[in-house]
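All remarks here apply to the structure that follows.
Residue numbers (this note's numbering): 41 to 244.
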């Protein structure tokens, strides 16, 4: 590690109860579809699942302008990851000279100090990650279900319209729905529905 502050922070995390294998110094990641490479000061991983828990930037002093820029940088990292379960922090040495102060992004985009560093515990982050991931999966499932209902409604409306058109055409001796056309219509509907069925299976 390049600076004394970074070394002190590594030791501080270890004293908080983080396994040393969970503390990654200057990790490099490149999100899918993004040509840029990101390199925060620290990343915290769950060693059991290898899932990212938090991204941390370190500042040497409590300067409001620098702190604000660091918060926006962390926000950029989180946005690039596209993972709402990952936490982002900016850390500065405590003014008392003992430990560190943690800041995160406030609702208005401003730096918001975490009430206590005891909030940053390995068990807390890991549990929060699991809870938020379950919530995200539930939201994705609901969204998929809503889309599936729309597709089914559209397919039903299309089938009724085709059946009505076939009935009208038959009155004039015109065969609209031949066996081959019915097979094609069924195959087209199946191609639209199957991806949603696969998503439902993957969610169980």
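Backbone N, C-alpha and C define an ideal beta-carbon position, used for all residues, glycine too.
Residues bridged to residue i [DSSP beta-bridge criterion]
i: residue 128; result: 95
i: residue 59; result: None, per the DSSP bridge assignment.
i: residue 69; result: 78
Spatially closest choice to residue i from the options, by CA coordinates
i: residue 98; options: 148, 44 and 55; result: 44
i: residue 135; options: 147, 162, 61 and 101; result: 101
i: residue 146; options: 198, 83 and 108; result: 108
i: residue 47; options: 85, 70, 89 and 133; result: 133
Whether residue i touches residue j by CB criterion (8 angstroms)
i: residue 117; j: residue 80; result: yes
i: residue 106; j: residue 143; result: no
i: residue 120; j: residue 65; result: no
i: residue 95; j: residue 139; result: no
i: residue 92; j: residue 123; result: yes
i: residue 114; j: residue 126; result: no
i: residue 87; j: residue 104; result: no
i: residue 162; j: residue 62; result: yes
i: residue 83; j: residue 67; result: yes
Assigned secondary structure, residue i (DSSP; H/G/I helix, E/B strand, else coil)
i: residue 151; result: strand
i: residue 104; result: helix
i: residue 83; result: strand
i: residue 117; result: helix
Enclosing alpha helix (DSSP H) for residue i [first to last residue]
i: residue 45; result: 44-56
Enclosing beta strand (DSSP E) for residue i [first to last residue]
i: residue 142; result: 140-145
i: residue 65; result: 63-65
Min CB distance residue i to chain D below 8 angstroms
i: residue 209; result: Protein chain content of the structure displayed is limited to a single chain, and chain D is not contained in it.
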